[in-house]
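For reference, the structure discussed in these notes is given below.
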Amino acid sequence: MTDRIPTIGDNGGPPLDADLPDENEAWRLFCWKKAHRRAWKTPPREIALRRLALAEELGMTYREYTLELKERGRHPTARTTAGRP
Numbered sequence: 001m002t003d004r005i006p007t008i009g010d011n012g013g014p015p016l017d018a019d020l021p022d023e024n025e026a027w028r029l030f031c032w033k034k035a036h037r038r039a040w041k042t043p044p045r046e047i048a049l050r051r052l053a054l055a056e057e058l059g060m061t062y063r064e065y066t067l068e069l070k071e072r073g074r075h076p077t078a079r080t081t082a083g084r085p
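So in the UniProt record's numbering, the last one in the sequence shown is 85, and the numbering has no gaps at all.
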């Protein structure tokens, strides 16, 4: 594993697009990719449409809105996105 300096927001996981020769690192990469797919699994249609509508009201993309929801654990509002460019 390469030594790298962690930055803000770095969760210590491997790069998701790297080809790693070491067996242990390859297994960890597999687990991270699987968790990434599970986290970004498409929700039921009604939930996706509601998120899309709320995102458009706030001037965000669906992906930005969903990422904010996943990072903060709550739905973004006009007040929480006021300082957003």
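For each residue, glycine too, the CB sits at the ideal point set by N, CA and C.
Extent of the continuous alpha helix (DSSP H) run through residue i
i, result
"residue 168", "Within the shown structure, residues of the chain are numbered from 1 to 85, placing residue 168 beyond reach of any answer."
"R72", "62-72"
Neighbourhood of residue i by C-beta, 8 Å cutoff - its chain only, sequence neighbours within 5 removed
i, result
"T61", "A55"
Rounded Cβ spacing between residue i and residue j (contact assumed at less than 8 Å)
i, j, result
"Y65", "R45", "About 16 Å; that fails the 8 Å criterion."
"K70", "A39", "7 Å"
Simplified DSSP state of residue i, which is helix, strand or coil
i, result
"R79", "coil"
"N24", "helix"
"T32", "Here residue 32 turns out to be Trp, not Thr, going by the sequence shown. Helix."
Close beta carbons around residue i, own chain, < 7 Å, minus the five adjacent residues each side
i, result
"M1", "Bear in mind that the predicted position of M1 carries a pLDDT of just 49, short of 50, making it too unreliable to give a figure here."
"G13", "W32"
"R72", "none"
Own chain partners of residue i with C-beta closer than 6 Å, once the 5 adjacent residues on each side are dropped
i, result
"T81", "L58"
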